[in-house]
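For reference, the structure is listed below as structure tokens.
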Amino acid sequence: MKPVITPRFVPSCTKTLLGELGKLVQAYDVHMQTHCSESDWARDYAIQHFGKSDIEIYAESGLLNNKSVLAHSIFLTERDVAMMKEFDAGIGHCPLSNMYFANAAMHTRELLDSGVNIGLGSDIAGAPSPSIFRAAFDAVSHSRVREEGVDTVCLRERAVLLAPGSASWKHSGWQPPVVVVF
Ligand SMILES: [Zn+2]
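Terminal number for the sequence shown in our numbering: 193, no gaps in between.
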């Protein structure tokens with residue numbers, strides 16, 4: 012069991028709160044999880060109120076490091092992606108929740124190819140099942156929504172997304188309960 016600093020997301024936090032939580036992350040070298048660009052509304056809120064994307068706000072608040080898990084993260088700019096790689100943070104990919112709440116599909120294929128750490132999350136508050144296996148199947152369906160004209164994530168890559176050490180969980184010490192063998 013590990014403590015995790017968990018600000019909900021930029022729209023529900025003041026910059027002071029984020030900064031103070033960032034101090035805790037730095038002081039105790041603990042994990043941090045939050046939502047990042049989970050919807051166009053949330054992303055636009057950060058830009059309209061702070062003139063920056065939410066990942067930039069997390070970075071300047073001291074919240075980003077290689078133990079950070081940024082849920083959703085489906086509206087990242089190239090600059091956001093570069094920042095995520097710079098800090099070696101990871102994405103908590105919650106495919107079904109993304110489709111329900113963002114009406115959008117993450118560029119999973121492109122992000123995997125660019126070397127961003129990605130692990131699966133069930134987003135139990137925003138999706139109907141806590142099963143990580145369900146999330147694995149949904150990740151493939153989610154990716155195939157974008158199939159026309161793009162490369163998608165294939166069934167075999169469910170194992171990549173679930174396997175310890177290959178995903179954003181590699182720095183976290185969190186491991187999925189089982190590894191799927193095909
Ligand atoms: Zn969520």
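All residues carry an ideal CB built from backbone N, CA and C; glycine is no exception.
Since this is a predicted model, take the numbers as computed values, not measurements.
Bridge partners for residue i per DSSP, in chain order?
i, result
"V15", "H42"
"C47", "H83"
"L131", "H104"
Among residues of its own chain, excluding the 5 on either side of residue i, which ones have a beta-carbon nearer than 8 Å to its beta-carbon?
i, result
"K26", "F61, I68, S72"
"V41", "K13, P14, V15, I16, L35, K78"
In its own chain, which residues sit with a C-beta less than 6 Å from the C-beta of residue i, not counting the 5 before and 5 after it?
i, result
"V21", "A57, D65, I68"
"Q44", "V15, T17, V80"
Report the CB separation of residue i from residue j in whole angstroms; it is logged as a contact under 8 Å.
i, j, result
"H46", "R90", "Rounded, the Cβ-Cβ distance is 19 Å, inconsistent with contact."
"L122", "A150", "That belief does not hold up - the Cβ atoms of L122 and A150 are roughly 12 Å apart, past 8 Å."
"E49", "A113", "6 Å"
With a threshold of 7 Å on Cβ separation, who are the neighbours of residue i within its own chain once the five nearest residues in sequence on each side are excluded?
i, result
"C24", "P18"
"I135", "P141"
Is the region 138-146 touching the region 82-97 in the sense that three or more CB pairs, one from each, lie closer than 8 Å?
-> no
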